Amino acid sequence: PPPPPPPPPPPLTGRALEKARATARVASGKAKASLETKLAKSADARAKAARENGAAIDALSLSRARAASAQEGATLAKAQEAKRIEAAQAAAQQLEPAAAKRAQPAVQAAEQQAVRAEKALADAKSALAKLPEPEKPAPAPKGAKLDDKAKKAAERTRDQAKRAAGARAAAVKRVAELDKAAAAKRAAAVAAAKQASAEGAAARSSAAKLVADAQAAADKRLKAADAALAVARKEESTAAAAASKAAASLDGIVAAQKALRNEIRTLALSAPKVN
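Going by our numbering, the sequence shown opens with residue 127, and the numbers climb by one from there.
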């Protein structure tokens, strides 16, 4: 069988009992003072942590407001840029019709002039075709003597032939002049058409550039808005992490204070009794 337990020590009496009680009181007081010192220091730490937690909450609120503002700005920027691009596209669609409208009178006038010149040339050619060929007067027989009547008839025939040749020469000259003028009018009409085509091409190029510039500017502004939003969200995340850390630190200090108070209360309740 196991050995019997040792007998309890004899109770203290007299001066030994008083000395033991004094030692126990001193030890309990030191322990309580140490705990109260820790509690006082933790109160300062708690106040500092509370200030830091409040500042972190304020910073988080501010960063959230900035993030919301940046989000609203990005959304508004997208809507505005969409409107700008739509306006640029609408303006671009009007450039080519406007250029065609501006060039149309000149083209029509040149075409009408060319048509009139062609008609004048055709009329002149028709008139030339209707002119009779000039008749050459028959030569008088050699050695024949003409009376006055015959001489006058021959002279009239020569005059008529001369006038007919002159009229025909004038008609030929007129046809040549009208042909040259018609060619110039046709060339002018072709040049006007080419000019109108060039202006239309320039208008299309300007329209494309207008839309491209609007798109590039919109992309640049949207990129800046997205960058601002990313920065705001990063700041919000950082502030949230800092607020969470400050709250955890404050919670830890509060828990430590609670533990110290419980320990002090336990120490007071369990003060050693010396008999």
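Using N, Cα and C, we set each Cβ at its ideal position, and we do this for glycine too. The structure displayed is predicted, hence computed values, not measured ones.
The beta-carbon distance between Ala203 and Ala351, rounded to whole angstroms, is 4 Å. This is short enough to meet the 8 Å contact definition.
Proximity to Arg391 across Pro131, Pro134, Ala248 and Leu165 peaks at Leu165, based on C-alpha coordinates. Here the C-alpha atom of Ala374 lies approximately 54 Å from the C-alpha atom of Pro130. One alpha carbon belongs to Asp339, the other to Ala200, and they sit about 20 Å apart. Note that the segment 282 to 300 does not touch the segment 213 to 220; fewer than 3 beta-carbon pairs, one per stretch, sit closer than 8 Å. Leu161 and Ala382 have their C-alpha atoms roughly 11 Å apart.
When the beta-carbon positions are compared, Ala243 and Ala317 stay at least 7 Å from each other.
Inter-segment contact for the segment 167 to 179 and the segment 364 to 373 is present: three or more beta-carbon pairs are separated by less than 8 Å.
Contact check for Ala229 against Ala322 passes: the beta carbons are separated by less than 7 Å.
Take Ile211, set aside five residues on each side of it, and the residues of its chain with a beta-carbon closer than 8 Å to its own are Val337, Ala340, Gln341 and Ala344, in chain order. Setting aside the 5 residues that flank it on each side, Ala193 is surrounded in the same chain by Ala358, Arg359 and Glu362, each with a C-beta closer than 6 Å to its C-beta; the list follows chain order. Glu144 counts as exposed, since fewer than 16 other beta carbons sit within 10 angstroms of its beta carbon.
For Leu257, the three-state secondary structure derived from DSSP is coil. Ser168 places its beta carbon 7 Å or farther from that of Ala365. Linking Arg300 to Ala250 through their CA atoms gives a straight-line distance of about 7 Å.
Here Pro223 carries a helix assignment [DSSP, helix/strand/coil]. Between Ala310 and Arg294, the alpha-carbon positions lie close to 24 Å from each other.
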